[in-house]
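A.B. asks: Please read through the structure below; I'll follow up with questions.
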Amino acid sequence: MKTTVLKFGGSSLADSSQFRKVATIIGSHEGTNYVVASAPGKRSKDDTKVTDMLYSCYNLAVSGNDFVAQLNAVKARFSSIASDLGVSFDIDAEFNVICSHLEDAPEKDYMASRGEYLNSKLLAAYLGYDFIDPATCIFFQPDGRLNAEKTNDCLTRELTGKGRAVVAGFYGTGADGKIRTFSRGGSDVTGAIVARAAKAAVYENWTDVSGMLSADPRVVDSPLPIKEISYKELRELSYMGASVMHEDAVFPVRSAGIPINIRNTNSPEDEGTWIVPHRSNVAESGSVVTGIAGMKGFSSIRVEKAMLNNEVGFAARLLNIIASAGVSFEHVPSGIDTMSVIVDSNDLRSCRSQILENIQEQLEPDSIIVDTGIALIAVVGIGMVYRKGVAAKVFSALANADVNIRMIDQGSSEINIIVGIDEADYEKAVNALYSAFFK
Ligand code: ASP
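Each residue of the sequence shown is one higher than the last, beginning at 605 in this note's numbering.
Here it is as structure tokens:
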């Protein structure tokens, strides 16, 4: 029998009408279903997420201010869902525990986790499912990273025999025995962990968009949706800012070969995007490029030195100076007597003079030039491997749009071409590339 893990994000569970949609979606799935729930999100554009309200309860409590009104506002969100749905749920008892916690010794992660804890308990009661508290089966290491194997063993045991259960997203137990959360949006990671432990056939990630788009809709007008994307392509695009789920959610399911299907709770008939281990029909589908993504805010440190190409270890020393300042680099385009290192401008800001002094002292270059205001754009697609003319198309599209290319990088995997351009040209360049490959 097929096992499905369905994760619902905050907007999918923001109020009772969303709960009803979720129940219908779950009801249409046969077989074994495990559900992972987020805390109630925004009901409208100007609304506040319950997780943010909980963080503010915590902030008020630790600063010795009155948190009661804010906590009551959180309670009202859950009370209205429970009463609209006619679910009997002892909200007073739950909030008495939370209130004493805030009075006695408030803990940030514990407070943040209560949104998922309560929403999942409520959803389980509404569906007639078992509730699984991840405090008992998701574990973190002392360094804060997930203890993946201990979690997988424990969660597998916990799920076995429970055909239908709701697991609260976003948190688990730290090495010190206290509640610990993932970073924001971390219920996506919980969903992936549950999918792995359940050996699910598919991890359905239900949100409020019908999958990933082939370009940023704030830059390109109505970009086409992506029907299928491999884990590798997703990684390249999300690194460049295209986000549809928490980045860490890929790892547990990727190693287990489980596909992810991004779906829209408000439009369940849409197929959404399939994120798969390998794409087999790329050649037939004819799509060369899967998506385009990019970001502004990069700087280039360009170092010039005559006969640089003969100096053994120059690149290693340059990168070491940058690493010692705690800055990670994005790309290292180099020429015969020049080497540039592209870094995030925000990372560079506080240590720029230290880096430049060290380069001057240790490498004795002829010149060092720092250019700011660079945008990077990645054109990503497994279909471009071994295909001729893709780079030519990228460069002629940019040339025709009168965009000057300041850096070019093609990873050896050949699934991406990255260009560096002036930030001022960013929107124009993304649109030119989109038109070249998708229109
Ligand atoms: N509720 C948490 C957040 O707002 C976690 C999640 O929704 O995945 O970030």
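Ideal Cβ positions, reconstructed from N, Cα and C, are used throughout, including at glycine. All values reported here derive from a predicted model rather than from experimental measurement.
Measuring alpha carbon to alpha carbon, tell me which residue in Arg-788, Lys-766, Thr-811, Met-657 is nearest Phe-774.
C.D. replies: Cα-wise, what sits closest to Phe-774 is Arg-788.
A.B. asks: Heavy atom of the ligand ASP less than 6 Å from the Cβ of Gly-795, yes or no?
C.D. replies: Answer for Gly-795: no, Cβ out of range of the ligand ASP.
A.B. asks: Among the residues of its own chain, which have a CB less than 7 Å from the CB of Pro-738, if the five just before and after it don't count?
C.D. replies: The residues are Val-771, Ala-772, Tyr-775, Gly-776, Thr-794.
A.B. asks: What do you reckon, is the C-beta of Thr-811 under 6 Å from a heavy atom of the ligand ASP?
C.D. replies: Every heavy atom of the ligand ASP is 6 Å or more from the Cβ of Thr-811, so no.
A.B. asks: Helix, strand or coil: which one does DSSP assign to Ser-620?
C.D. replies: Correct three-state label for Ser-620: helix.
A.B. asks: Would you check whether the ligand ASP has a heavy atom nearer than 6 Å to the C-beta of Thr-652?
C.D. replies: Result no, Cβ not under 6 Å from the ligand ASP.
A.B. asks: What is the DSSP secondary structure of Pro-738, reduced to helix, strand or coil?
C.D. replies: Helix, per DSSP.
A.B. asks: Check whether the Cβ atoms of Ser-814 and Gly-876 sit closer than 7 Å, and answer yes or no.
C.D. replies: In this structure, Gly-876 lies closer than 7 Å to Ser-814 by Cβ.
A.B. asks: Could you tell me which of Asn-669, Lys-653, Phe-693 sits nearest to Ala-677, measuring between CA atoms?
C.D. replies: Selected option, being the one with the closest Cα: Lys-653.
A.B. asks: Is Arg-788 near the ligand ASP - that is, is its Cβ less than 6 Å away from at least one heavy atom of it?
C.D. replies: Correct: Arg-788 has its Cβ closer than 6 Å to the ligand ASP.
A.B. asks: I need the straight-line Cα distance from His-935 to Lys-611, nearest angstrom please.
C.D. replies: If I take the Cα positions, the gap works out to 35 Å.
A.B. asks: Restricting to runs no shorter than 4 residues, where is the alpha helix (DSSP H) found entirely within the segment 783 to 838?
C.D. replies: Taking only runs of at least 4 residues, the alpha helix (DSSP H) segments lying wholly in the segment 783 to 838 are 791 to 801.
A.B. asks: Gly-719 by DSSP, collapsed to three states: which one?
C.D. replies: Reduced to three states, the DSSP call for Gly-719 is helix.
A.B. asks: If contact is defined by three or more beta carbon pairs under 8 Å, each pair taking one atom from either stretch, is the segment 882 to 902 in contact with the segment 965 to 984?
C.D. replies: The answer is yes - the segment 882 to 902 touches the segment 965 to 984, with three or more Cβ pairs under 8 Å.
A.B. asks: Starting from Val-857, trace the alpha helix (DSSP H) both ways and give me its first and last residue.
C.D. replies: That run of the alpha helix (DSSP H) goes 854 to 860.
A.B. asks: Alpha carbon to alpha carbon, how far is Gly-939 from Asn-1008? Give it in angstroms, no decimals.
C.D. replies: C-alpha separation (whole angstroms): 18 Å.
A.B. asks: Just the Cα atoms here: how many angstroms apart are Glu-720 and Leu-763?
C.D. replies: Cα to Cα, Glu-720 sits roughly 18 Å from Leu-763.
A.B. asks: Find out if the Cβ-Cβ distance for the pair Ser-684, Ile-695 is shorter than 7 Å.
C.D. replies: No, Cβ-Cβ distance for Ser-684 and Ile-695 is not below 7 Å.
A.B. asks: Can the beta-carbon of Leu-1037 be found less than 7 Å from the beta-carbon of Ala-1003?
C.D. replies: Not in contact: Leu-1037 and Ala-1003 (Cβ atoms no closer than 7 Å).
A.B. asks: Between which residues of its own chain and Gln-622 is the CB-CB distance below 6 Å, once the five residues before and five after are set aside?
C.D. replies: Result list for Gln-622: Ser-616, in chain order.
A.B. asks: Please state if the CB of Gly-635 and the CB of Lys-606 are separated by a distance shorter than 7 Å.
C.D. replies: Yes, these two residues count as a Cβ contact at 7 Å.
A.B. asks: How is Gly-898 classed by DSSP in three states: helix, strand or coil?
C.D. replies: Reduced to three states, the DSSP call for Gly-898 is strand.
A.B. asks: Round the Cβ separation of Phe-1041 and Val-893 to the nearest angstrom and send it over; I've been treating them as touching at under 8 Å.
C.D. replies: Indeed they touch by this definition, with Cβ atoms about 4 Å apart.
A.B. asks: Could you pull the start and end residues of the beta strand (DSSP E) that Arg-1010 belongs to?
C.D. replies: Unbroken beta strand (DSSP E) run through Arg-1010: 1009 to 1014.
A.B. asks: Just to confirm, is the Cβ distance from Ile-879 to Ile-833 under 7 Å?
C.D. replies: In this structure, Ile-833 lies closer than 7 Å to Ile-879 by Cβ.
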